[in-house]
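For the sequence shown, UniProt numbering begins at 1 and goes up steadily by one. In this text, a Cβ means the ideal position worked out from N, Cα and C, and glycines have one as well. Note that the structure is a prediction, hence the values are computed from the model and not measured. Written out below as structure tokens is the structure these notes cover.
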Amino acid sequence: MPDSTSNYPDKLIDQFGRQVDYIRLSITDRCDFRCTYCMAEEMTFLPRDEVLSLEECFRLVKAFVQLGVTKVRITGGEPLVRKNALWLFEEVGKLEKLKELVLTTNGSQLEKQAIGLKQAGVKRINISLDSLNSERFKKITRTGELDKVLRGIQAAKQAGFDNIKLNTVLMRGTNDDEAEALVDFAIKQAIDISFIEEMPLGEVDHTRESTFVSNAETLKTLQNKYALTASTVSTGGPARYWRVADSNTKIGFISPHSHNFCEACNRVRITCKGELFLCLGQEDKVDLMPLLRNHPNDDQPLIQAILDSMSIKPKGHDFDLQRAKPAVVRFMSHTGG
């Protein structure tokens with residue numbers, strides 16, 4: 001492939017002066033779970049020819065890294081159910097300018113793949129865990145097995161990952177009584193945990209307004225039990241962290257409703273279809289798949305499209321629980337978790 005892209009800038013700057021140095025790439029919309037807040041129970045997945053090949057995923061990552069991106073998160077769906085996904089982690093892990101390769105997973109495949117991921121250069125793992133009760137876990141995930149996820153967490157620790165974080169979505173009437181138990185579990189495992197407010201993405205089988213639990217409420221609940229100190233630690237994302245006294249655990253809060261994090265937004269998302277979404281909560285996008293497939297040996301059109309996309313990155317999202325319809329009609333599993 002000719003090196004014809006060296007004259008492009010080495011930073012992605014949007015119209016509001018924010019530098020984009022972080023991409024979240026979904027490599028599949030498929031998942032072995034069917035979490036109630038993420039997708040419909042009878043989900044119809046994309047035909048395989050409408051999904052980026054792993055080689056196309058790698059081309060995208062290389063282009064973004066050339067433009068100054070230093071952090072890449074691989075998501076899904078469940079990325080580890082994608083056949084040969086480890087190859088992509090290995091190739092991305094070799095990119096010299098990349099500072100951090102991160103995985104978001106439901107944990108179901110970690111028991112088998114944690115060692116390979118560590119060897120590939122993955123630095124951090126975020127694992128979704130919404131309940132420590134097996135029956136409740138099954139109800140939330142519809143198909144998931146809690147014991148399998150717990151074994152996956154142990155496998156990640158044994159593989160040498162020292163940056164493991166749990167991601168939890170609390171829903172009123174479902175698991176909002178488990179905040180303390182989940183924090184206790186994180187403390188015992190010496191890992192971090194983040195609580196994420198449910199986001200209005202896609203039509204699901206409940207009204208999000210009725211199940212919504214604000215992080216302000218969760219923080220207040222936790223402060224009644226734990227000695228928490230606000231932390232200045234940042235992982236380059238929207239989470240605000242609190243340290244738990246006498247432990248190695250930090251509690252993060254990602255609060256798109258109660259604390260807008262758009263002002264310092266530094267990321268974009270790419271779906272498994274090659275759609276570049278400039279904001280999780282808006283529909284602004286650029287379709288990159290045709291550029292990949294129509295120009296297999298020339299990255300100039302791809303890189304120019306990425307640069308041009310910065311002019312349509314919005315100032316902020318448009319999440320509103322009061323709406324009858326979700327702010328965004330696509331499912332989280334489509335956008336990438």
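By DSSP's assignment, Gln-15 forms no beta bridge with any residue. Using a Cβ distance threshold of 8 Å, Thr-143 and Gly-77 do not count as a contacting pair. In terms of Cα proximity to Ala-230, the closest of Asn-224, Lys-285, Leu-101 and Val-244 is Val-244. In this model, Pro-290 and Leu-280 are separated by some 22 Å (Cα to Cα).
Rounded to whole angstroms, the separation of the alpha carbons of Gly-316 and Glu-263 is 7 Å. Note that the C-beta distance between Leu-182 and Asp-176 is not below 8 Å. At a Cβ-Cβ threshold of 8 Å, Pro-256 and Glu-217 do not count as neighbours. Per DSSP, Val-61 lies in no beta strand (DSSP E) segment; the continuous alpha helix (DSSP H) that holds it begins and ends at 54–66. If you draw a straight line from the Cα of Thr-44 to the Cα of Tyr-226, it comes to about 43 Å. Rounded to the nearest whole angstrom, the C-alpha separation of Arg-151 and Thr-75 is 20 Å. Around Asn-106, the same chain offers Phe-33, Glu-78 and Ser-128 as residues with beta carbons nearer than 6 Å, after the five sequence neighbours per side are excluded. By the criterion of a C-beta distance shorter than 6 Å, Ser-134 is surrounded in its chain by Leu-146, once the five residues flanking it on both sides are discounted.
The segment 73–146 contains, as complete beta strand (DSSP E) runs of 3+ residues, the segments 100–105 and 124–128 (chain order). Between Asp-130 and Lys-71 the beta-carbon gap is near 25 Å, outside 8 Å, which marks them as no contact. Between the segment 49–62 and the segment 269–276 there are three or more inter-stretch CB-CB distances shorter than 8 Å, so the stretches are counted as touching. By the 16-neighbour rule on beta-carbons within 10 angstroms, Asp-162 is exposed. Under the 10 Å beta carbon count, Val-213 is surrounded by 16 or more other beta carbons and is classified as buried. Bounds of the alpha helix (DSSP H) holding Asn-215 are 215–223. Contact between the segment 80–100 and the segment 53–68 is present: three or more C-beta pairs spanning the two stretches fall below 8 Å. Straight-line spacing of the CA atoms in Phe-253 and Gly-237 works out to 11 Å.
For Ser-309, the secondary structure class from DSSP, reduced to helix, strand or coil, is helix.
Here DSSP, grouped into helix, strand and coil, assigns Arg-34 to coil. Under the three-state reduction of DSSP, Lys-285 is assigned to strand. In this structure, the straight-line span from the alpha carbon of Asn-215 to that of Asn-297 is close to 47 Å. Secondary structure of Ala-230 (DSSP, three-state): strand.
DSSP, reduced to helix, strand and coil, places Ile-187 within a helical segment of the structure shown.
DSSP, read as helix, strand or coil, puts Asp-21 in coil.
Secondary structure note for Lys-315: it is in no beta strand (DSSP E), with a DSSP letter that is neither H nor E. Between Asp-192 and Lys-250 a beta carbon distance of about 5 Å is seen, short of the 8 Å cut, so the two are scored as contacting. Note that the C-beta distance between Val-268 and Ile-23 is below 8 Å.
Straight-line spacing of the CA atoms in Ser-234 and Arg-240 works out to 7 Å. Phe-16 counts as exposed, since fewer than 16 other beta carbons sit within 10 angstroms of its beta carbon. Here Glu-178 is buried: its Cβ has 16 or more other Cβ atoms, across all protein chains shown, within 10 Å. For Gly-252, the enclosing beta strand (DSSP E) begins and ends at 250–254. Under the DSSP assignment, Ser-194 falls in the beta strand (DSSP E) whose first and last residues are 192–196. Comparing alpha carbon positions, the residue from Val-122, Pro-9, Leu-222 and Lys-220 closest to Leu-67 is Pro-9.
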